[in-house]
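Read the structure below first, then the notes.
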Amino acid sequence: MRGLLRRAWYFLRQHRLDDELAEEMEFHRAMAQREIENRGVDARDAGFAARRAFGSAALAADRSRDVWVPRALQGLGQDFRLAVRTMFANRLVSFVAIVSLALGIGANTAIFSLVNSLMLRALPVKDPAQLVLVKGREPTGYPEWSYPLFEQLRQRPELFDGIVAWSPTARATVTAGAESQHVDGLLASGSFFDVLGVRAAIGRTFAETDDVRGGGPDGPVAVISHDFWQRQFGGAADAIGRTLTVENVPLTIIGVTPPDFFGPDVGRMFDLIVPLGVEPLLSRSEARLDNRDATSWLNIMARLKPGQARDAATAGLRGVQAQMFDATVPEHWDARSRDEYRHESMTLLPALTGDSTVRQLYARPLTTILVVVVLVLLIACANLANLLLARATARRHELSVRTALGASRWRLVRQQLAESAVLAGAGAAGGIVMASWASRVIVRQLSTDAKPVFLDLSMDWHVLAFTIGIAIATALLFGVAPALQASGVAPMDALKARGDRSGPAERRRVGFSSGLVVAQVALSVVLLVAAGLFVRTFTSLVTRHLGFERDRVLVVSVNAHSAAIDPSRRIAMYEQAREAVGALPGVAAAAVSTLTPPVDGPMSILPLADVGGRQPEGERPHATINAVSPDWFATFGTPIVAGRDFSTLDRSGAPRVAIVNRAFIRKFLAGLNPVGQSFTPKLPPPRDASPVTIVGVAEDAVLWSLRSPIEPAIYVPIAQGFLPAPWLAQVHLSVRSTNGPPARLARSIGSAVSAVNRELALTFQPLADQVDASLTQERVVAQLSGFFGALALLLAGLGLYGVTAYAVSRRRREIGIRVALGAAPAGVVRLVLSRVTMLVGLGVVIGTGVSLWASRYVASLLYGLQPRDPATLSGAVVVLAVVGGLAAWLPARRASRIDPAVVLRCE
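Residue numbering for the sequence shown follows the working numbering, beginning at 4 and increasing consecutively.
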């Protein structure tokens, strides 16, 4: 080790040591010359004699350097210096290579940065490998547990070293001073920070003593994020102790989280964290903390005891899960549901990388795009390999001279690889810069106004190792073959055949180059097919018949949590707001509903006991329920095809009525006249489970995901109180404009609603934007795959052009003779294009086979078409054939214009 460090020190001081060595050798030579002069020899002869006696100074210097720095390392430094000079000497070739590599490496690094942040990066907490997520039999990325069940787990300290629960809140209205804004929050148990090992950047975090109903010793408290602290308070230390008013509840700020802590839900950012005990104050209800029916709103994470294995912890958990389920079974569920709840099975999943709904949504698409960009990089490497092969052919004479002068083949290979490494290094540097920008652009594309996506894209060792590894891999991929080809020439053969381009080495080069083109075409077919499938999926969803009109409708989310009004009077308040808005100029219709399509979140499901006087078929018959006001169908443009619409007479105390969609009729009332039929909901007491009369049938319309088939739906009058009061704390006021963009009505709508109740929090979004936001995943995948498909097509076209142009230049003499013997220009063009057609045809066949095999892996990302869609496959082949034909046409056209006299004179 000491010798290695000494040699490294010598390497860093090499120039100084060279100067000292030269001075020392000159001193010894001068001393020898003086001694000879003392014998009576004149100075000139004495100098010659001293130099002869001393020997070669250059050889002595080389031997001394070998002691200081290994010869291989010296040679490597020389190789890289020469490689840099070569790069600057061939600026155009180097520019093309570096830009190609920067695009390829940058795209790979950008996508990998997203994958790393979403799936590989450990939570910035204490010992994250010891954390586990408590999940059910079929784990999801969504909350799964009730508060009573969390309390059961908390009462069993023998299971874990610590346990926490949290739940993301709906966007809340926060007032700080005179300013109000919408923020994202977390409700968390008092043990949250202690178990995770997160300490406050300033102030303190809350503890178990703060997590009590109504607030702890300091009252209701909150811990804010570092980003919110900077954004709202400018990083001022006096933010601690200030008051934030959240949904009309004053919360005291007690601390700020560290800048690198973004919460346990990867992909989502929080602005403030509030103890779970404050939840009843924020919602003005005790329902979710005490009600066993609220079974799916908490995430639970635990820390294993030191030395405890996850399997052992799972076994211990399952040993007591029956007792916990018995103690927390929902009281009003039927016998079958209660039995299924009791037989649920808990499991523990690693929580090293946290929990994430965003991961569940985007993990597969991002992995697919990562494969796409790797294929693009392979195409770029094939292009560069062809470019370097052509340059190596042009340098055959130079390399043969080096070989004749004693350079070994390994030295030539090393020199060529050094040139490839310099290009790859420059490309990787440019790629890192591009990736930093591109990854942030992609995250912005993934975000919507309602659900912003946040990912930590700072470079860690995963991203650094990936970038370095991919740079080395690309240098080898495009550098090894040209290096071996260039170093394999015999000096005499190269010198004798300097102008000959038909030798064995040249034929091998042409064969390898053609193979690279075939590979490029094959990979391009795969990428074009993938891009075609994803783009057509997106267009199929965009053009899908929704059953409602997305234009000229403005959706206003009305949050009544902060309104000081009795929950029983909310419906009347919403009706007043609807009437006030409906009377505004420019408003064609206005309606209130609990759901607005397409719903981004959990649906309201109504279990059915009977329909039309008979037990409905199927397991757990149910339908989606949406509580709406009069004019809802007119506002959304969904026609009533039978019966009547709701009116203001359908209010509390009036006969219970409903409108169903066609899908409901097909499933439950096929062959019957639905109007006048009734159904009985299956609801626990004290909710009303009396029969409901169907008074109308609406056209089928999408309510949930645009990917999902239309399910049976029931629309009920919001005024008849079908849904519990807590479910009506937030509703949607939808407004249809008479003409023009509906967003222009936002100011007048806000004024009209504020006149009814100034404490209502309003959020505006055009329905068209809401529909577009539901297609974020498909849009981003289509955009990325389309861009990289086009890039692959461009690279393949350039590769075909380069190979064709080189083939024409290599056969210039042959073509000249053919023209001299009477060959027509069209015949010359066919001669050139015939080879291109063969290469493209072989690549298309291989690429088609790979596409048919690989398409099954993206089937879950498609909609409206099969993975092996003939139209998409045919379109990809046609596009590639056209681009290949255009790329080969220019060299072929030039070949047809060759003047035989000029060619033969040159020969």
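Note that CB positions come from ideal geometry on N, CA and C, so glycine has one too.
Whole-angstrom Cβ separation of Leu364 and Val545, contact assumed at under 8 Å?
Taking the sequence shown and counting its residues from 1, one reaches residue 364 at position 361. Taking the sequence shown and counting its residues from 1, one reaches residue 545 at position 542. Contact flag wrong, Cβ pair sits at about 19 Å.
Does Phe537 have its Cβ less than 7 Å from a Cβ in chain B?
The chain labelled as chain B is not found in the depicted structure, where only one protein chain is given.
The beta strand (DSSP E) that contains Thr599, what's its start and end?
Residue mapping note: residue 599 aligns to position 596 of the sequence shown, counting from 1. Unbroken run through Thr599: none, as it is neither H nor E.
Can you tell which of Leu865, Val660, Ser655 and Ala586 has its C-alpha closest to the C-alpha of Ser711?
Against the sequence shown, residue 711 aligns to sequence position 708. When each option's Cα is compared against that of Ser711, the closest is Leu865.
Coil, strand or helix - Arg896 by DSSP:
Taking the sequence shown and counting its residues from 1, one reaches residue 896 at position 893. Helix, per DSSP.
Measure the C-alpha to C-alpha separation of Leu763 and Tyr150 and round it to an integer number of angstroms.
Position 760 of the sequence shown, counting from 1, holds the residue named residue 763. Position 147 of the sequence shown, counting from 1, holds the residue named residue 150. Their backbone Cα atoms lie some 28 Å apart in a straight line.
Relative to the C-alpha of Leu308, which residue among Arg234, Val614, Lys670 and Val135 is closest?
Residue mapping note: residue 308 aligns to position 305 of the sequence shown, counting from 1. Correcting the residue type first, residue 308 is Lys in the shown sequence and not Leu. Answer by Cα proximity: Val135.
Is Ala533 closer than 7 Å to Ser863 when the C-beta atoms are compared?
Position 860 of the sequence shown, counted from the start, is the residue given in the question as residue 863. Position 530 of the sequence shown, counted from the start, is the residue given in the question as residue 533. No, Cβ-Cβ distance for Ser863 and Ala533 is not below 7 Å.
May I ask which residues mark the beginning and end of the alpha helix (DSSP H) holding Asn111?
In the sequence shown, counting from the first residue as 1, residue 111 sits at position 108. Looking at the DSSP string, the run of the alpha helix (DSSP H) that includes Asn111 is Arg94 to Val118.
According to the neighbour-count rule (16 or more other Cβ atoms, all chains shown, within 10 Å of its Cβ), is Val811 buried or exposed?
For the purposes of this step, residue 811 is taken as the residue at position 808 of the sequence shown. Under this definition Val811 is a buried residue.
Could you give the residue range of the beta strand (DSSP E) that holds Leu736?
Counted from its first residue, the sequence shown places residue 736 at position 733. Element bounds for Leu736: Gln733 to Ser740.
By DSSP's criteria, Tyr718 is part of a beta bridge. Which residues make up the other side?
To locate residue 718, count along the sequence shown from 1; it is residue 715. Its beta-bridge partners are Asn629 and Ile662.
Our contact map puts Ser632 next to Ala594 with C-beta atoms below 8 Å; I'd like the distance itself, whole angstroms only.
In the sequence shown, residue 632 corresponds to position 629, counting from 1. In the sequence shown, residue 594 corresponds to position 591, counting from 1. At roughly 5 Å, the Cβ-Cβ gap stays under 8 Å, so Ser632 and Ala594 are in contact.
Only counting the same chain, and skipping five residues up and downstream in sequence, which positions put a Cβ closer than 6 Å to that of Ala52?
Numbered from its first residue, the sequence shown carries residue 52 at position 49. Around Ala52: Ile39.
What residue ranges within the stretch 748-820 form continuous alpha helix (DSSP H) runs of no fewer than 4 residues, ordered along the chain?
749-759, 770-776 and 779-813
Closest Cα partner of Pro727 within the set Asp164, Ile608, Gly206 and Ala890:
The count along the sequence shown starts at 1 and reaches residue 727 at position 724. Looking at the Cα atoms, Ile608 is the closest of the given residues.
Does DSSP put Asp130 in a helix, a strand or coil?
Reading the sequence shown from its first residue, position 127 is the one you call residue 130. Reduced to three states, the DSSP call for Asp130 is coil.
With a threshold of 16 other CB atoms inside 10 Å of the CB of Phe30, please say whether the residue is buried or exposed.
As a position in the sequence shown, residue 30 is number 27, starting the count at 1. Counting Cβ neighbours within 10 Å, Phe30 comes out exposed, since fewer than 16 surround it.
Report all residues from its chain with a CB closer than 7 Å to the CB of Gln227; omit the five preceding and five following residues, and keep chain order.
If you number the sequence shown from 1, residue 227 lands on position 224. In the sequence as presented, Gln is not what sits at residue 227; that position holds Ile. For Ile227, where only same-chain residues beyond five positions count, the Cβ hits under 7 Å are Ile256, Val259, Asp274 and Leu275.
Quick one: what does DSSP say Arg42 is sitting in, helix, strand or coil?
The residue you call residue 42 lines up with position 39 of the sequence shown. Note: Arg42 maps to coil in three-state DSSP.
Take the Cβ of Gly502 as the centre, count every other Cβ of all protein chains shown within 10 Å, and call the residue buried at 16 or more, exposed below.
Residue mapping note: residue 502 aligns to position 499 of the sequence shown, counting from 1. Caution is warranted here: a pLDDT of 47 is assigned to Gly502, below 50, making its placement in the model unreliable, and the coordinate value is therefore given only provisionally. By the 10 Å Cβ count, Gly502 comes out exposed.
Does the structure place the stretch 673-690 close enough to the stretch 329-339 that three or more beta carbon pairs sit under 8 Å?
yes
Just mark Val880 as buried or exposed, buried being the case when its beta carbon has 16 or more other beta carbons within 10 Å.
Stepping through the sequence shown from its first residue, residue 880 is reached at position 877. Flag for Val880 reads buried.
For the beta strand (DSSP E) containing Thr451, name the first residue and the last one.
The residue given as residue 451 occupies position 448 in the sequence shown. It is not in any beta strand (DSSP E) - Thr451 carries neither H nor E in the DSSP assignment.
Based on DSSP bridge pairs, tell me the residues matched to Arg617.
Taking the first residue of the sequence shown as position 1, residue 617 is located at position 614. Answer is Val614.
Which ranges does the alpha helix (DSSP H) cover as unbroken runs of at least 4 residues, wholly within the stretch 661-690, from first to last along the chain?
665-671
For the putative contact between Leu301 and Phe153, defined by C-beta atoms under 8 Å, what is the C-beta separation to the nearest angstrom?
Start at 1 with the first residue of the sequence shown, and residue 301 comes out as number 298. Start at 1 with the first residue of the sequence shown, and residue 153 comes out as number 150. Their Cβ separation, rounded to whole angstroms, is 6 Å, which keeps Leu301 and Phe153 in contact under 8 Å.
For Ala776, the nearest candidate out of Pro600, Thr683 and Lys138 (CA to CA):
Looking up residue 776 in the sequence shown gives position 773. If we check each option's Cα against that of Ala776, Pro600 comes out closest.
Assuming Val249 contacts Val201 (C-beta within less than 8 Å), just tell me the rounded distance between them.
Within the sequence shown, residue 249 is the residue found at index 246, counting from 1. Within the sequence shown, residue 201 is the residue found at index 198, counting from 1. In fact, because the Cβ distance is near 21 Å, the residues do not count as touching under 8 Å.
Buried or exposed for Thr875, please, with buried defined as at least 16 other CB atoms from any protein chain shown within 10 angstroms of its CB.
Residue numbering aside, residue 875 sits at position 872 when the sequence shown is read from its first letter. Label assigned to Thr875: buried.
What first and last residue would you give for the alpha helix (DSSP H) that runs through Gly156?
Residue 156 sits at position 153 when you count from the first residue of the sequence shown. Residue identity differs from the one stated: residue 156 is Leu in this sequence, not Gly. Looking at the DSSP string, the run of the alpha helix (DSSP H) that includes Leu156 is Tyr150 to Arg157.
Opposing strand residues paired with Lys138 [DSSP bridges]:
For the purposes of this step, residue 138 is taken as residue 135 along the sequence shown, with counting starting at 1. Note: Lys138 sits in a beta bridge opposite Thr350.
Outcome for Ala891 when other beta-carbon atoms lying within 10 angstroms are tallied against a minimum of 16:
Counting from 1 along the sequence shown, the entry for residue 891 is found at position 888. With 16 or more Cβ atoms within 10 Å of its Cβ, Ala891 is classed as buried.
Here's the rule: buried if 16 or more other CB atoms are within 10 angstroms of the residue's CB, otherwise exposed. What is Ala424?
Position 421 of the sequence shown holds residue 424. Its Cβ being crowded by 16 or more others within 10 Å, Ala424 is buried.
Strand pairing of Pro171, partner residues [DSSP]
Position 168 of the sequence shown, counted from the first residue, corresponds to residue 171. According to DSSP, Pro171 bridges with Leu189.
Beta-carbon proximity check, Val700 vs Ala661, cutoff 7 Å
Along the sequence shown, one-based indexing puts residue 700 at 697. Along the sequence shown, one-based indexing puts residue 661 at 658. For Val700 and Ala661, no; Cβs fall outside 7 Å.
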